[in-house]
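Colleague: Right, I'll just put the structure down here and ask away after.
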Amino acid sequence: PGDCIVFHMKTLHGAPGNASRVNWRRVFSTRWLGDDAVIARRQWITSPPTTGGLQVGDRAVSDEFPIIWKSEK
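Numbering (the working numbering), first residue to last: 32 to 104.
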């Protein structure tokens with residue numbers, strides 16, 4: 032309980048289903064991008080399955096991909 036893990040997005044990962052009828056399994060997932068990240072075309076469905084209204088090649092900054100911290104440099 033209360034564990035936090037961080038791994039590369041291409042790491043194969045998963046968890047068994049929750050067979051309990053009384054205990055909930057709570058999961059919170061975030062994705063963090065560098066300031067040089069751009070929208071890219073993929074041959075698969077991305078997670079989340081959105082481009083934030085951006086086009087391929089656009090910087091990944093929009094209401095769905097907000098900047099949450101900026102260096103003071």
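Think of the CB as a built atom: it goes at the ideal place given N, C-alpha and C, for glycine as much as any other residue.
1. At a cut of 8 Å, does the stretch 42-60 reach the stretch 82-92 through at least three beta carbon pairs?
2. Distance, Cα to Cα, W100 vs L64?
3. Could you check the C-alpha separation between I36 and T42 for me, to the nearest Å?
4. My output table needs one value for V69: the three-state DSSP class, helix, strand or coil.
5. With DSSP as the reference, label R90 as helix, strand or coil.
Modeller: Considering the structure as presented:
1. no
2. As a position in the sequence shown, residue 100 is number 69, starting the count at 1. As a position in the sequence shown, residue 64 is number 33, starting the count at 1. Approximately 11 Å between the Cα atoms of the pair.
3. Within the sequence shown, the letter at position 5 stands for residue 36. Within the sequence shown, the letter at position 11 stands for residue 42. When rounded, the distance between both Cα atoms is 12 Å.
4. Residue numbering aside, residue 69 sits at position 38 when the sequence shown is read from its first letter. Reduced to three states, the DSSP call for V69 is strand.
5. For the purposes of this step, residue 90 is taken as the residue at position 59 of the sequence shown. Reduced to three states, the DSSP call for R90 is strand.
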